[in-house]
Ligand code: SF4
């Protein structure tokens, strides 16, 4: 089975990602986000383990990959999940991909990405980094993403990367109703993201699957009935329970307006609101590759 594969958005009719390949050095993820979608599809998801025969399969696949392809690490696990600190599969794969002339999009919640700043800087014209930050509230983040680094640590990673010249995007994703949806808190988060030097924000609301929804309801009992009702009265899209369209639009508009005020480009992920996107900026951050300067000047 191929390790470097064409990206599959799990049949989402609303996915706006450009054509790209994905590489997962690990199966599963130790960040244990309550809202994680991948845990619905992959056995023992919160016990991350390296891919079997990783190096043999990676070198075979790279021989077959069209020159200049875009490869994302990773879309359904975090390439800097805790075992990476010890195993360095992501670091070596990054160097291999970039050394062979491919373009790379790194998507993570971990400040461990800073360990690989030397590699990212060496190839900065062919790489972009996306960091997910859902809230600045340490207490909420600790409940929502118990295995991931704290928000301040992630903001620091954005700042170091951006100031060093690596283009960065921050995903304010997902916005979970009654958990991290306070408009003024979202606005403060976007301001901090802009101060840290990111070029773009991409946002999205939480899409419920039975397992992730029950984790959320258990972790936030005081708002559980309201979360459950928000999804009961929403709509079904591609196997997920979505919030009502009007509620999603309001959340996305809040984050968009804060982003534009802060001089950042904006897009959404699997929401069906193409009119909210800044022209020329893909949802996944791939259009930041090769760009420098602030978003306002691009
Ligand atoms: S970091 Fe991503 S892949 Fe890992 S648990 Fe969180 S949502 Fe899932």
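In this note's numbering, the protein residues as written are 3 to 300.
Glycine included, C-beta positions come from ideal geometry on N, C-alpha and C.
All values reported here derive from a predicted model rather than from experimental measurement.
Can you name the residues that DSSP bridges to residue i?
i	result
residue 205	174 and 270
residue 110	133
residue 210	243
residue 11	Note: residue 11 sits in no beta bridge, so no partner.
residue 263	None; residue 263 has no bridge partner.
residue 23	8 and 73
residue 237	244
Quick one: what does DSSP say residue i is sitting in, helix, strand or coil?
i	result
residue 143	helix
residue 6	strand
residue 181	coil
residue 29	strand
residue 310	This structure cannot settle anything about residue 310, because the visible part of the chain is limited to 3 through 300.
residue 246	coil
residue 158	helix
residue 72	strand
residue 55	coil
residue 277	helix
residue 189	helix
residue 125	coil
residue 45	coil
Alpha carbon to alpha carbon, how far is residue i from residue j?
i	j	result
residue 98	residue 50	22 Å
residue 87	residue 114	7 Å
residue 228	residue 280	32 Å
residue 274	residue 250	10 Å
residue 271	residue 93	27 Å
residue 157	residue 67	34 Å
residue 253	residue 82	29 Å
residue 298	residue 133	Because residue 298 carries a pLDDT of 49, less than 50, the predicted location of this residue cannot be relied on, and the following value inherits that uncertainty. Those two C-alpha atoms are separated by around 20 Å.
residue 293	residue 223	44 Å
residue 191	residue 237	28 Å
residue 264	residue 162	19 Å
residue 154	residue 112	11 Å
residue 276	residue 269	8 Å
When burial is assigned at 16 or more other CB atoms within 10 Å of the CB, is residue i buried or exposed?
i	result
residue 235	exposed
residue 102	exposed
residue 124	exposed
residue 255	exposed
residue 212	exposed
residue 39	buried
residue 183	buried
residue 244	buried
Are there any heavy atoms of the ligand FAD lying less than 6 Å away from the beta-carbon of residue i, as far as the coordinates show?
i	result
residue 19	This structure does not include the ligand FAD; its bound ligands are the ligand SF4.
task = Report yes or no: do three or more beta-carbon pairs, one from the region 136–147 and one from the region 172–189, lie closer than 8 Å?
result = With three or more CB-CB distances shorter than 8 Å, the region 136–147 counts as touching the region 172–189.
message = Check whether the region 275–285 and the region 6–21 touch, using three or more Cβ-Cβ pairs below 8 Å as the test.
response = The region 275–285 vs the region 6–21: in contact.
request  = Indicate whether the contact test is met: 3 or more Cβ pairs, each with one atom in the region 21–35 and one in the region 77–91, closer than 8 Å.
outcome  = yes
request  = Take every Cβ of the region 46–65, pair it with every Cβ of the region 162–173, and state whether three or more of those distances are shorter than 8 Å.
outcome  = The region 46–65 vs the region 162–173: no contact.
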